[in-house]
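Protein chains: 2
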Amino acid sequence: MKNNLLEVPQGFLFAAGEAGLRTHGSGPDVALMVSTVPARVAALFTTNRVKAAPVLISQEHWKRSRRIAQAIVVNAGNANCATGRAGLRAARQSAEAAGKLLDVRREQVLVASTGVIGVPLDARRITAQLPALARRLHPEGYEAVSRAILTTDTRPKVAGKSLPIGGRRVRILGMAKGAGMIYPRLATMLAFFFTDAAVEPRFLQSAARRMCDSSFNRISVDGDTSTNDTVFLMANGVAGNPAIGKQGVTAEKFLEALDEVAQELAIALVRDGEGARKLAEIRVEGAASAKQADAIARSIALSSLVKTALAGGDPNWGRILSAVGNAGVAFDPNRVNIFLNGTRVCRRGGAVDFDEAALQRELQARDLQAKDILLRVQMGQGTAAARFWTCDFTEEYVRINASYRT
Amino acid sequence: MKNNLLEVPQGFLFAAGEAGLRTHGSGPDVALMVSTVPARVAALFTTNRVKAAPVLISQEHWKRSRRIAQAIVVNAGNANCATGRAGLRAARQSAEAAGKLLDVRREQVLVASTGVIGVPLDARRITAQLPALARRLHPEGYEAVSRAILTTDTRPKVAGKSLPIGGRRVRILGMAKGAGMIYPRLATMLAFFFTDAAVEPRFLQSAARRMCDSSFNRISVDGDTSTNDTVFLMANGVAGNPAIGKQGVTAEKFLEALDEVAQELAIALVRDGEGARKLAEIRVEGAASAKQADAIARSIALSSLVKTALAGGDPNWGRILSAVGNAGVAFDPNRVNIFLNGTRVCRRGGAVDFDEAALQRELQARDLQAKDILLRVQMGQGTAAARFWTCDFTEEYVRINASYRT
Chain A
1 MKNNLLEVPQ GFLFAAGEAG LRTHGSGPDV ALMVSTVPAR VAALFTTNRV KAAPVLISQE
61 HWKRSRRIAQ AIVVNAGNAN CATGRAGLRA ARQSAEAAGK LLDVRREQVL VASTGVIGVP
121 LDARRITAQL PALARRLHPE GYEAVSRAIL TTDTRPKVAG KSLPIGGRRV RILGMAKGAG
181 MIYPRLATML AFFFTDAAVE PRFLQSAARR MCDSSFNRIS VDGDTSTNDT VFLMANGVAG
241 NPAIGKQGVT AEKFLEALDE VAQELAIALV RDGEGARKLA EIRVEGAASA KQADAIARSI
301 ALSSLVKTAL AGGDPNWGRI LSAVGNAGVA FDPNRVNIFL NGTRVCRRGG AVDFDEAALQ
361 RELQARDLQA KDILLRVQMG QGTAAARFWT CDFTEEYVRI NASYRT
Chain B
1001 MKNNLLEVPQ GFLFAAGEAG LRTHGSGPDV ALMVSTVPAR VAALFTTNRV KAAPVLISQE
1061 HWKRSRRIAQ AIVVNAGNAN CATGRAGLRA ARQSAEAAGK LLDVRREQVL VASTGVIGVP
1121 LDARRITAQL PALARRLHPE GYEAVSRAIL TTDTRPKVAG KSLPIGGRRV RILGMAKGAG
1181 MIYPRLATML AFFFTDAAVE PRFLQSAARR MCDSSFNRIS VDGDTSTNDT VFLMANGVAG
1241 NPAIGKQGVT AEKFLEALDE VAQELAIALV RDGEGARKLA EIRVEGAASA KQADAIARSI
1301 ALSSLVKTAL AGGDPNWGRI LSAVGNAGVA FDPNRVNIFL NGTRVCRRGG AVDFDEAALQ
1361 RELQARDLQA KDILLRVQMG QGTAAARFWT CDFTEEYVRI NASYRT
C-alpha cells in the first residue's frame, strides 16, 4: 500500500474516534466519512439471507434518496446483526444523528457495521462520538478511518489512483477491511470508495459491480459470506470533469483505474486473512468457458486440503488435481498441467520429475517478498481463463476463530 | 463399536497383510475380502471428475460381470490416483492375480485404494502378498482388514447387525475408513458391506443408494470429495432366505438394518475425522422442504467459522445463523430458533438469555461421553427436517494436513 503517494479525492472528509464498542482491547472503532456536496453512490450488499441491520437500513436509505448520499457512519466491534428491531433502531439513530449534525437528510446517510453478531448495539455510544468526529473532519482523516474499521485484520488497507479525464485530474481512493467470513458472493467485507469524478448515475452502479467482479468476488479466506458485507462507491463530481458515462473513451480508463484500486485492496484482504501467512494467486488457463474456469479456480481456492498444503509449503499437486475434479466441470485429467511458482508439478494429470525439496523450500519461505505463491492450472480444453486469490489455512486461523468471543 | 457382538455374515472370508506401501511407518496395508460363492454387488463411486485407477477398473469389472463379484482387493498407503496408464495396469494386475489365486474371473474381483495421490503404485508389492492372504482367509479376519485400510484414521470402524428374515437369520457387516477428504457427494471414503442375505439384484443397488443417502452422504470432515471414494455392498445369499425384493415386508426391515449399520459407521468416520475432538449432530427442523432442510444443514456443517467455534466450545449462534443465511434458501431470520445441547441460544433470530459460561463449559467437555454436541435449528417455515454430522475444526487438522506427505 503506497499510502504516501495517495491523492485524496477533492470534497471528501474523514474522521475516526473511539466509542468503546470493541470487546477486546480498545482503540478507534467509529468513523464518519463525508462528501462536502451530495454524491452519487453505487452500493453492493451481502447476498447472505441474514442481513445485518445497517445493511437493511442502508438499502432503505439508498433507495429512498435515489442513490444520493453525503455521509457514511461506520463502526467496528459490533456487527449489529441478529439484533432485531432494536438493531434497526440503532442503525437508524446513528444515521439520523449524523444527518442532523451535518444538516443533510437522514436518507442521505449510509451506515455500515462489522464485529460480533448477536450483541445489542447501543447507538448512544456512536451518536455521542459524532459531534467530535464532525469537528475533526479532514481530507487526510482517511488513514485514521482505515484503522478504525478493522476487526481481526492486522493492518489497514488503503489504495488509490489518480488519472486525467476530460482535461481534469480525477482521484479514486478506496479502503477495506477483512479478515474473516471472506468469501465472495457479492462483495465480502466492508469497502469504501471515493472519487471526485463526475459519473453518470447508471454507469456508476455498473462500474461498481464490474469492479467487485474482478476483485472482491475473486477472493476467499474461509468460504463464509458475512451478514454485513457492504461496498459503497461515492462519486461527488468535484473534479469538474465531463460526466463519465457508458459511451466515451474515458469510461474504460475510469473502469480500469477503479478495478486496479479494488484489486489491490482485495489482494490486501487475502494477504491479511485470518491466520494467513501466504497469498496464493490461482490462475486457471485453457478452460472450455469463462464460467468453467471460474468454477475450477474457486474449487481450488476453497479446498481445505489445498489451503493446508499451502500452509505447509507442500507441493501437493494431487490435492490440487482433486479440487479441480470437484468443480463440477467435465474434463480429461490426462490433459491437465499444474505449475507452482513456475515449476511444473503435474504433467498430463500425472507425476513429473522436479526438485521437490527445492520447491518446498521456496514455498515455505517466510521472506515477505517471496511468500506469494502462483498456482497455475492448464486445463487443455480451450482458451478461457480465470484468476482467484486465496490464502493458506494455518493453525493460527483456528486459534483466532476458536476463541473469537471469549 | 460393539465388535464383540458382531456376527459375521456366512460365506465371507477376510485377511490382511503388509505390502510396505505406507510412506509413514509400517503395518498392515493390504487386504483381501472374499465371498465363498459369487455374490451380487451394489457399488457407488466418487463423483469427483478425477477418478483413481481402482475406481475406473472396479467400474469396468462391475459392469462386465453384471454386478457379480467374489473378491475385493484393497490397499492403503497409495491411492493409485493420477498415475496414468501404469496405474490402470497396476489395478488390473491386482485383480487378475487375486482372480487366479481364487479361481474366479478377473471381472469378479473389485479393487479399491486409499492413500497418497500421484505416486506410482507397484502392483508387485500387492500381488506378492496375495498368496499369503489367500491362505489366511478367515471369517474373523475382518478385524485385521478394518485396520489395514486406515490412513489418517486413529481407530478402525466396524459395525454389524443381524435380523430374522423369512425364517432365516441374516447378517450385515460393514467397515469403513476416513478420515480426510470427507464430504459427501456420493459416498466419501472406502466402505465395505457384506451380507449373507439373498437380495434381488435391482433392489440391492437401490438399497445401497438409500443407505448412503442417510449416512455417508450426510457427513463432512473437510468438504473435500476424494478421488477414491468407493462403497461396495456384497450379498451372497448364503443365509438361504427368500430373496429380498422391492415388494414385501422384509424389504423395509432389511433397509432399516442396513441404514443403521451405515449410519453407525458414518458417525464413527466423523468422530475420527482428522484432528476432530468433537462430533456435532446438526438437526434442521421446520424447513419448507426436505431439500431446503438439507441445504441448510450442509451449509452449517461446512462453515469453517461454525466448525472452529465448535473447537473452542463457543456457543457462537451468530455464526450458525450466518451459515443458515448462506444456504441459498429464502427464509425469515426472525422465525429462527437455535439450540445447543438443548439450551436455546437464539430466539426468533436474536439473542436470548442463557448461562453462557455453563454452556461453554459443557461444550468444552473433554469427557468422551459428553463431547458430542447437538445443534438444532428450528426454521419456523414448515415441517421438513434433515440431519447431518460434522466435526470441529481444530489446529490439529491443520497440523495433520500441512505435513501429510513430508
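From first to last, the protein sequence lines stand for chains A and B.
Residue 305 in the numbering used here is what sits at position 305 of the first sequence, and the numbering runs on without skipping anything.
Every position in the second sequence, counted from 1, becomes a number in the numbering used here once 1000 is added.
Idealized CB from N, CA, C, for every residue including glycine.
Kindly indicate which three-state DSSP category E1396 of chain B falls into: helix, strand or coil? Numbered from its first residue, the second sequence carries residue 1396 of chain B at position 396. If DSSP states are grouped into helix, strand and coil, E1396 of chain B belongs with the helices.
Does any residue of chain A bring its CB to less than 9 Å from the CB of N1341 of chain B? On the second sequence, position 341 is the one that residue 1341 of chain B refers to. So, not an interface residue.
The beta strand (DSSP E) enclosing V407 of chain A, as first and last residue numbers: An answer regarding residue 407 of chain A cannot be provided, because it is not within the stretch 1 to 406 covered by chain A.
Continuous beta strand (DSSP E) stretch holding A235 of chain A: start and end: Indexing the first sequence from 1 puts residue 235 of chain A at position 235. Counting along the chain, the beta strand (DSSP E) containing A235 of chain A begins and ends at T230 to A235.
9 Å is my cut-off, CB to CB: does S304 of chain A come that close to chain B? Along the first sequence, one-based indexing puts residue 304 of chain A at 304. Yes, its Cβ sits closer than 9 Å to a Cβ of chain B.
May I ask you to list the residues that DSSP assigns as paired with A311 of chain A? Reading the first sequence from its first residue, position 311 is the one you call residue 311 of chain A. Looking at the DSSP output, A311 of chain A bridges to nothing.
Do you know whose CA, among B:F1254, B:V1261 and B:V1221, lies nearest S1215 of chain B's CA? Taking the second sequence and counting its residues from 1, the one referred to as residue 1215 of chain B is at position 215. When each option's Cα is compared against that of S1215 of chain B, the closest is B:V1261.
Can you check which of these residues, B:L1374, B:R1155 and B:T1127, is closest to R1089 of chain B by C-alpha distance? The residue labelled residue 1089 of chain B in the question sits at position 89 within the second sequence. Answer by Cα proximity: B:T1127.
In the DSSP output, what is M175 of chain A paired with across the bridge? Residue mapping note: residue 175 of chain A aligns to position 175 of the first sequence, counting from 1. For M175 of chain A, the pairing in a beta bridge is given by DSSP as A:V158 and A:F192.
Between G1142 of chain B and chain A, is there a C-beta pair that is closer than 9 Å? Counted from its first residue, the second sequence places residue 1142 of chain B at position 142. The residue you asked about is not Gly; residue 1142 of chain B is Tyr in the sequence shown. Not closer than 9 Å to any Cβ of chain A, the Cβ of Y1142 of chain B fails to qualify, so no.
Here's the rule I'm using: 16 or more other beta-carbon atoms within 10 Å means buried, otherwise exposed. How should G20 of chain A be labelled? As a working mapping, residue 20 of chain A is identified with position 20 in the first sequence. The residue in question, G20 of chain A, is exposed, as its Cβ has fewer than 16 Cβ neighbours within 10 Å.
At the level of alpha carbons, what is the spacing between E1252 of chain B and T1195 of chain B? In the second sequence, residue 1252 of chain B corresponds to position 252, counting from 1. In the second sequence, residue 1195 of chain B corresponds to position 195, counting from 1. The straight-line gap from Cα to Cα measures roughly 16 Å.
Whole angstroms are fine: how far does the CA of G1312 of chain B sit from the CA of N401 of chain A? Within the first sequence, numbered from 1, the residue matching residue 401 of chain A stands at position 401. Within the second sequence, numbered from 1, the residue matching residue 1312 of chain B stands at position 312. The straight-line gap from Cα to Cα measures roughly 8 Å.
DSSP three-state assignment for I1149 of chain B, whether helix, strand or coil: For the purposes of this step, residue 1149 of chain B is taken as the residue at position 149 of the second sequence. In the structure shown, I1149 of chain B sits in coil (DSSP, three-state: anything other than H, G, I, E or B).
Within the same chain, show all residues whose beta-carbon is closer than 7 Å to that of L1130 of chain B, passing over the 5 residues directly before and after it, in chain order. Residue mapping note: residue 1130 of chain B aligns to position 130 of the second sequence, counting from 1. Closer than 7 Å at the Cβ level, and outside the excluded window around L1130 of chain B, lie L1032, A1097, A1098 and L1101.
Where A1208 of chain B falls: helix, strand or coil (DSSP): Within the second sequence, residue 1208 of chain B is the residue found at index 208, counting from 1. In the three-state reduction of the DSSP assignment, A1208 of chain B falls in the helix class, which pools H, G and I.
For G1382 of chain B, which of helix, strand or coil comes out of DSSP? Position 382 of the second sequence, counted from the first residue, corresponds to residue 1382 of chain B. It is coil, neither helix nor strand.
CB contact flag (I1282 of chain B, W1389 of chain B, <9 Å): Looking up residue 1282 of chain B in the second sequence gives position 282. Looking up residue 1389 of chain B in the second sequence gives position 389. Yes, the Cβ-Cβ distance between I1282 of chain B and W1389 of chain B is below 9 Å.
Shortest alpha-carbon distance to K177 of chain A belongs to which of A:A208, A:V398, A:A144 and A:F203? In the first sequence, the residue the question calls residue 177 of chain A occupies position 177. Looking only at A:A208, A:V398, A:A144 and A:F203, the smallest Cα-Cα distance to K177 of chain A is reached by A:A144.
Which of helix, strand or coil does DSSP assign to S58 of chain A? Reading the first sequence from its first residue, position 58 is the one you call residue 58 of chain A. Of the three classes helix, strand and coil, the one that applies to S58 of chain A here is helix, per DSSP.
Is G1312 of chain B close to the ligand ADP? I mean its beta-carbon at under 8 Å from any heavy atom of the ligand. Because no ligand of any kind appears in the structure shown, any question about the ligand ADP cannot be addressed here.
Within chain B, partners of L269 of chain A - CB distance below 8 Å: Locating residue 269 of chain A in the first sequence gives position 269, counting from the first residue. Per Cβ cutoff of 8 Å: no residues; L269 of chain A is ~16 Å from chain B at best.
Look at the alpha carbon of N341 of chain A and the alpha carbon of S1403 of chain B, and state the distance between them as a whole number of angstroms. The residue given as residue 341 of chain A occupies position 341 in the first sequence. The residue given as residue 1403 of chain B occupies position 403 in the second sequence. Pairing N341 of chain A with S1403 of chain B, the inter-Cα distance amounts to about 20 Å.
Alpha carbon to alpha carbon, how far is N1236 of chain B from I1149 of chain B? As a working mapping, residue 1236 of chain B is identified with position 236 in the second sequence. As a working mapping, residue 1149 of chain B is identified with position 149 in the second sequence. Approximately 23 Å, taken between the alpha carbons.
Would V1231 of chain B and F1193 of chain B be called neighbours here (beta carbons separated by less than 9 Å)? Within the second sequence, residue 1231 of chain B is the residue found at index 231, counting from 1. Within the second sequence, residue 1193 of chain B is the residue found at index 193, counting from 1. Yes, the Cβ-Cβ distance between V1231 of chain B and F1193 of chain B is below 9 Å.
Secondary structure of C391 of chain A, DSSP reduced to three states: By 1-based counting over the first sequence, the position of residue 391 of chain A is 391. In this structure, C391 of chain A counts as strand in the three-state DSSP scheme.
In whole angstroms, give me the CA-to-CA distance for A1123 of chain B and S1094 of chain B. Residue 1123 of chain B sits at position 123 when you count from the first residue of the second sequence. Residue 1094 of chain B sits at position 94 when you count from the first residue of the second sequence. If I take the Cα positions, the gap works out to 6 Å.
Determine the chain B residues that contact G286 of chain A at a beta-carbon separation under 9 Å, and present them in chain order. Position 286 of the first sequence, counting from 1, holds the residue named residue 286 of chain A. Those do not exist, as G286 of chain A stays about 16 Å from chain B at its closest Cβ, beyond 9 Å.
Do you know offhand how far A112 of chain A's Cα is from I1117 of chain B's? In the first sequence, residue 112 of chain A corresponds to position 112, counting from 1. In the second sequence, residue 1117 of chain B corresponds to position 117, counting from 1. Between A112 of chain A and I1117 of chain B, the C-alpha separation is close to 46 Å.
Contact between the region 132-141 of chain A and the region 48-64 of chain A: three or more CB pairs below 8 Å? No, because fewer than three Cβ pairs between the region 132-141 of chain A and the region 48-64 of chain A fall closer than 8 Å, the two stretches do not touch.
Show which residues of chain A have a CB atom less than 7 Å away from the CB atom of S1058 of chain B. Your numbering for residue 1058 of chain B matches position 58 in the second sequence. By Cβ distance, chain A contributes nothing, its closest Cβ being about 17 Å from S1058 of chain B, past 7 Å.
Rounded to whole angstroms, what is the Cα-Cα separation between K291 of chain A and D392 of chain A? Numbered from its first residue, the first sequence carries residue 291 of chain A at position 291. Numbered from its first residue, the first sequence carries residue 392 of chain A at position 392. Cα to Cα, the separation comes out at about 24 Å.
Is F14 of chain A close to chain B? Criterion is C-beta to C-beta, closer than 9 Å. Here the question's residue 14 of chain A lines up with position 14 in the first sequence. It does not: the Cβ of F14 of chain A has no partner Cβ on chain B nearer than 9 Å.
Taking the alpha-carbon of L1265 of chain B as reference, which of B:V1324, B:M1175 and B:N1080 has the nearest alpha-carbon? Along the second sequence, one-based indexing puts residue 1265 of chain B at 265. Selected option, being the one with the closest Cα: B:M1175.
Same chain only: Cβ atoms within 6 Å of V1104 of chain B, ignoring 5 sequence neighbours per side: Walking along the second sequence from the start, residue 1104 of chain B turns up at place 104. Cβ neighbours of V1104 of chain B beyond the five flanking positions: Q1070.
Can a CB atom of chain A be found closer than 9 Å to the CB of K1051 of chain B? Position 51 of the second sequence, counted from the first residue, corresponds to residue 1051 of chain B. Nearest CB-CB separation between K1051 of chain B and chain A: below the 9 Å threshold.
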